[in-house]
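Numbering (the UniProt record's numbering), first residue to last: 1 to 1015.
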C-alpha cells in the first residue's frame, strides 16, 4: 500500500475542514480490510518526522484494527508478515516522548501481547525489562507505562497455561519492580527538603505506576501471594509507608502538581491493601492485625485526623467493612451432630478481631464514625436551603448502587452497620449512650448540638435490625420522638426530617401496630404546606414504608385517608423535580393498592391532576415518572371498578402511547402499559369500539405486523416484550374474547385476526405457562363464539392436528394441552372437525379415518396424563360425542371410548342428596359447583371480568352438560341408528368391568339402555 496515500488520508482525518475530514475517514474505513494497510499505519506512526497529530491518528486506527483483525481466525485477518513488521515497529517506538501517543502505544502493545506473547512475540518481555532497568528517566517512564498496560492485559488471562506464564513473568520482575517503587517513593522526602517539587512529582508518578503493576501481580501473579517472600515484603512496605505517605502529602502545597501525585500514591497504597484482602481473604489473614492497626491509627486517631482525605477514608472504611463481613473469617454454623470443625486460619482471624476490638477501641470507632464522619456538612446545609429537591434526589435510596459504597457517606454507613452487625451486644450500649446524650437536645441548643443529634438518629436508623433487641423503640417514640416532630422552629427541620426517616427504618423492624394511628397522625402533621419541603418528603417516604410493611392493615389508616390524599396532592402540585414527584406518585400507587376500594371517594382530585402530569412528563427523561403514573392508574382502575369507564378516553390514550411500537417510549412503558390495559378490560362494564380498536397495538407488540415470516417475527416480538409480558398479552387477548362475547360482530371485525394470528404464531414457540395461556384463549373463543369459532380457528386447529398426528410434539404436558383444544373443537362442531382431518390427508399421506383413529388412540393413551378435572371431563364429553359417528375407525374403538367415559365419570360424579350419582361440575344456583375455584373473588372485590367469565361458563358444556346424561343419550342414539344387532356386537367388545360400572353411573330412569349387556 502506498504510504503517501495513507499519510494523506490520516492528515485529512485530523483536519478541521469538514470536507477533508469526511474524505479522510471514508478512505481509512475503505482500507480496513486491505492487505498492507495496518503495516502502513505502523510505518507512518514510527516516522518521528511526521506531525504528532497524524502519528496519534495512525496508532489509534491501528489499535482499533487490532481489536477486529489481529486474531488468526478473524475474517480478513492481518497477514503474519504484516504482524511481524508491526511488532517490530512498536518495540522500536517504546521510547515515545509524546505523552498521549505513549499511552496509546502502551495500550496497543498490551492488546497484541495478550494474544501473541510469549509464542509469537517472545522478545516483548525482555525488551520491557530492559527499558524498565534503564537509567534514562524517559526510557524508564515509557517502559513502566507499557509494562503496566501489559501486566493489566496478562492479568485477565484465564486459561491455566496462560496463568502459569503470568506467574513466571511475575516471579522474574516482581522483586526489581518493588525496588524501583521503593526507591522512587523514599526519594520524595529528600526532594521536598531540597525544594525540588518537580522531581518529587516525577518520582511520585513513577512510584504510582510501579505500584499499579505490583498490585496486578499481587492479585493475579501468585498462586498464594503469602507464600512468596518478595510479595510478603512488599505488603510489609505498604503498611510501613502508608502513614508516611499521609504525612508526605500534608507537606506539599495544594496548588502544586506534586500534591495531587502524592494523594494518588497514598490512595494506591490503601487501595492495594483493600483489593488484596478482598481477592485473597485467606492469604490475607496474616496481615489482619497490621491492617486493623493501620485503619485505627490513620482514620480513628484524633491526632491524625488532619491528614485524612476522602479517598483514603473511603478505602480504609470499606476495608474495615469487608474484614468484618468476610464469610471466610466467620465460624461455620453447626450441622448434623452439632460438631463444628473450625479451620486454623479462621481461628487466627477471629483472634485478630477479638484482640483488636476491645471495649475502648470499639467505643472510639463508633463514636468517631457517628460524631465525626456522619455529621451534615456545610455543603449539605447549603444545598438543603438552596435546592431542597436536588438534595433529596442526591440522598434518596443511595445504598442501592455499587458506586455509593465507594462514596464517603456510603463507606461510613457501611462500616457502622458492619461493626454493629458483627458485635451487636457490645456495640448497642454505646449507641444507646449516644442517644441518651442527645435526645434531650431541643431547638434552643447550639447548631453543632443539633447536627450531633441528627447524626446519632441517623445511626440508630441504619442499625435498626441489629439494635431492636437492645432498646425499647416504642417507648422512645412516645417519650421523645413525638416531641421532636412537634417542634416548629426552622432550625429543627434537620431533626424532624431525620426522625421521620428513622421511623420509616423502624416501622418494618419493631413497631407495634397499636402505634400506627399515632404514626399516621405525626406524618399528616408534617405533610402540611407550611412545613419544609424535605420534611414533607421524608414524611411521604415514611408513609410509603409503613404501607408497604408486611403487617400493614387498612383499618387503622382508613380514618386518615382523606387528610393523607389531600396533603399528597398539595405537595405533588408544588414539586418541580421528577425524582420527588416520583416518590409521591409511588406512595399514591402503594396506598391505592393496599387500601383498595376505600380510596374511591378521594381519588377524584388525583385523577384530575394526572392528565396534566402526563403532558408535563413528555420527553426522554421522564419515562420513569410516566411508568409510575401508569402503575397508579392501574391500581386506581382496580379500586374504582366499573366506575373507571368514565376515565376511558384518557386511559385509552395512555395505553395507546405506552404500547404503540411506532412510538419510542413504548420501550420503557410497555410493561406497565400492558398491566393498565388488562385492568381496564377487566373492569370495563361493556365493550366499546374504542377498546376494540386498541387491540391493533398487539400486532406490533407480538411481532405480528409483517406477514412475511411468521416464525422470525414471533421471536423478535418475544425478545422485544419479554416472556413474562407475553403472558400478559394473552391475558389481554383472553379479556377481549370474554368482553366482546356480548358483541360478537365487533369482535370478528376488530379482534379476531389478531387473536388467531397471535395464537398460531406463539403456540409452538413458548414455554409451558405460555401454552397454557394460549389454550385458555382458544377454549374461550370456542365457547363464547360457537357459530364462528370453527372457521375462525381453522389455521390453529390444523396446526395442532398436524403437530399431534405427525408426532412433532412429544412433551407430555404440552401435548395434553393441544389435545384439550382438539377435544373442545370436536365437541363444539364434530362435522367441521372431520373436515379438518380430511384436509390433512394429502399432507400426511394417510386416509382421514386412519388419522381419526390415530387421534383417538392418542387421546385414550394420554388421558391419564391430564390432572385438571375440567380438561378430563372435556375429554370425556368429546369421547361421548363421538359414539354416534358412523365411521369404521370410531366403531372399532367403541369400547375404548366408553372406557374413557367411565374413567372420567369416576372423577366428576358424586352422590347427590337424592342418593344417586350426579355430575358435580354442572353449575348449580349462582354458577357454583363442588369443584369451584378456591381463588374465586369475594363479591365485594369481584370485577366485571369475573362476572363475564361466569356468564361464559354457563355456555360451556363442561359446566352445563351432565356427562352421565349425555352418555345415556348417545347410547340411545347408537341403538336407534345402528340397530339392535350391531349395537349388541359393539357392546360385547366392551370390558365386563366397564359395563358393570356404567350401570352405576347412568341415570336410574335410563339404565334400560344397558339391558342389552345381558348376553
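Backbone N, C-alpha and C define an ideal beta-carbon position, used for all residues, glycine too.
Alpha-carbon spacing of residue i relative to residue j, whole angstroms
| i | j | result |
| --- | --- | --- |
| residue 247 | residue 205 | 17 Å |
| residue 934 | residue 923 | Note that residue 934 scores a pLDDT of 39, beneath 50, so its modelled location is shaky; the value from the coordinates is reported in the next line. Those two C-alpha atoms are separated by around 15 Å. |
| residue 220 | residue 143 | 21 Å |
| residue 74 | residue 120 | 17 Å |
| residue 409 | residue 653 | 44 Å |
| residue 192 | residue 267 | 20 Å |
| residue 693 | residue 669 | 20 Å |
| residue 861 | residue 280 | 59 Å |
| residue 1057 | residue 973 | Past the edges of the chain, shown from 1 to 1015, lies residue 1057, and the structure says nothing about it. |
| residue 874 | residue 968 | 17 Å |
| residue 455 | residue 98 | 50 Å |
| residue 764 | residue 787 | 26 Å |
| residue 117 | residue 768 | 50 Å |
| residue 434 | residue 294 | 26 Å |
| residue 406 | residue 164 | 33 Å |
| residue 957 | residue 778 | 15 Å |
| residue 774 | residue 816 | 13 Å |
| residue 459 | residue 364 | 15 Å |
| residue 324 | residue 416 | 11 Å |
Buried versus exposed call for residue i [16 or more other C-beta atoms within 10 Å across all chains shown]
| i | result |
| --- | --- |
| residue 195 | exposed |
| residue 472 | exposed |
| residue 391 | buried |
| residue 703 | buried |
| residue 184 | buried |
| residue 319 | buried |
| residue 948 | buried |
| residue 711 | Because residue 711 sits at a pLDDT of 41, beneath the cut-off of 50, its placement in the model cannot be relied upon, and the following sentence gives the value as read from the coordinates. Under this definition residue 711 is an exposed residue. |
Segment limits, beta strand (DSSP E) that includes residue i
| i | result |
| --- | --- |
| residue 917 | 917 to 919 |
Proximity winner among the options, relative to residue i (alpha-carbon distances)
| i | options | result |
| --- | --- | --- |
| residue 624 | 673, 652, 494 | 673 |
| residue 299 | 32, 115, 51, 368 | 368 |
| residue 917 | 1000, 131, 407, 1005 | 1000 |
| residue 596 | 558, 567, 171, 609 | 558 |
| residue 1018 | 747, 745, 678, 977 | Coverage of the chain is limited to positions 1 through 1015, which leaves residue 1018 absent and any answer about it impossible. |
| residue 592 | 565, 612, 885 | 565 |
| residue 504 | 464, 545, 514 | 545 |
| residue 475 | 445, 451, 514 | 514 |
| residue 91 | 42, 234, 339, 137 | 42 |
Proximity test, residue i beta-carbon vs the ligand COA heavy atom, cut-off 8 Å
| i | result |
| --- | --- |
| residue 47 | With respect to the ligand COA, the structure shown offers nothing to examine, as it has no ligands at all. |
Limits of the unbroken alpha helix (DSSP H) element including residue i
| i | result |
| --- | --- |
| residue 910 | From DSSP, residue 910 is part of no alpha helix (DSSP H) but of the beta strand (DSSP E) over 909 to 911. |
| residue 177 | 160 to 194 |
| residue 473 | 473 to 476 |
| residue 339 | Premise fails: residue 339 is in no alpha helix (DSSP H) and is neither H nor E. |
| residue 772 | 768 to 784 |
| residue 308 | Residue 308 -> no alpha helix (DSSP H), and no H or E assigned at all. |
| residue 649 | 648 to 659 |
| residue 985 | 980 to 988 |
| residue 1003 | Segment: none, residue 1003 is in no alpha helix (DSSP H) and carries neither H nor E. |
Within 9 Å, strictly: CB atoms of residue i and residue j
| i | j | result |
| --- | --- | --- |
| residue 523 | residue 384 | no |
| residue 681 | residue 640 | no |
| residue 990 | residue 895 | yes |
| residue 151 | residue 216 | yes |
| residue 366 | residue 427 | yes |
| residue 166 | residue 182 | no |
| residue 111 | residue 63 | yes |
| residue 638 | residue 354 | no |
| residue 577 | residue 389 | yes |
| residue 733 | residue 698 | yes |
| residue 538 | residue 525 | no |
| residue 659 | residue 701 | yes |
| residue 262 | residue 249 | yes |
| residue 177 | residue 214 | yes |
| residue 257 | residue 201 | yes |
| residue 977 | residue 884 | yes |
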